[in-house]
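By my numbering, the letter at position 46 of the sequence shown is numbered 69, and the numbering carries on one by one without gaps. Positions of the beta carbon are idealized from the N, C-alpha and C atoms, including for glycine.
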Amino acid sequence: MRGKYDKEQIIFEDNITKTIAFYSRLVNFIEDVIDDAYCTTVYINELDSNMPWTTEIVIEPINCKYDPYESVRIFSEEWSIDNVVIGRGIYEYGKLYEIIARKYIESLHYTMKSYASRTLLTKREYYLAISFYGKAAIVEGDPERVRIPAVNQCFSAHTHPATRAFPSIQDMITIFSIMLNRGIGHAIETVGDTMLFYRTAPLTEDDIAILRKIEREHNAGRAFELMKSIPRIKVIYMR
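Encoded structure:
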């Protein structure tokens with residue numbers, strides 16, 4: 024039983040969190056191969072949609088300046104991507120970012136939506152953090168603020184005490200920070216709607232320059248327009 028002032032904290036791991044984490048590691052693995060071997064892009068085979076780590080991963084690096092075999096060996100170990108071979112891919116790896124976002128929308132989105140109902144009543148925000156290895160936590164914050172768990176996150180979400188989702192400047196800075204640390208996406212959940220941010224490529228120095236402008240901005244609307252101007256970040260509204 025929780026004490027009067029104890030905040031809720033749930034630690035869990037399930038097939039959804041492991042799938043989101045695996046795809047996030049896979050994306051970062053491919054990004055590193057492209058960067059290290061100077062490839063144009065990478066194609067990949069179809070994976071099992073529910074347990075992708077059980078499928079042999081076939082990647083096809085395209086137009087590489089350097090031999091990609093050593094890059095694949097090094098970064099598959101770094102990101103714990105097993106059973107990967109170089110062969111003939113089917114679709115471009117960029118589709119993986121969308122798959123990660125869709126996995127959240129089809130599952131944990133509904134969990135966080137239920138927490139958004141609590142937030143509207145109590146003003147206490149809740150934060151979901153998924154680590155790169157599948158462990159997840161949902162933590163309760165204070166009225167209209169929540170402390171971000173000190174874990175490197177591949178995907179995250181938090182609730183707002185409102186009926187419409189719109190990021191504060193601090194929200195945008197937090198989302199940027201997650202993506203700069205190789206995370207994929209973040210969702211803002213309210214009882215009325217959802218705003219989902221996810222990246223579609225590694226962020227660049229130009230993107231970081233925009234972050235610096237957002238940090239100096241005092242108007243959330245103008246800051247949001249700056250964030251939407253980044254072509255490598257996609258914003259989805261859902262009701």
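Item	Value
Inter-stretch contact (C-beta, 8 Å, three-pair minimum) for the segment 173-184 and the segment 65-72	no
Where the alpha helix (DSSP H) containing A60 begins and where it ends	N38 to A60
Any beta strand (DSSP E) of 3 or more consecutive residues that is wholly inside the segment 148-230	159-166, 176-182, 208-212 and 217-222
L49 burial status per 10 Å Cβ neighbour count (16 or more: buried)	buried
Outcome for P254 when other beta-carbon atoms lying within 10 angstroms are tallied against a minimum of 16	exposed
Terminal residues of the alpha helix (DSSP H) in which M250 lies	A243 to K251
Cβ distance (whole Å) where I123 is taken to contact I43 below 8 Å	6 Å
Y91 - containing beta strand (DSSP E), residue span	According to the sequence provided, residue 91 is Pro. The question's Tyr does not apply to it. First-last for P91: P91 to E101, but that is the alpha helix (DSSP H), not the beta strand (DSSP E).
Sheet register partners of I109 (DSSP bridge)	I82
R239 versus I231 - alpha carbon distance	13 Å
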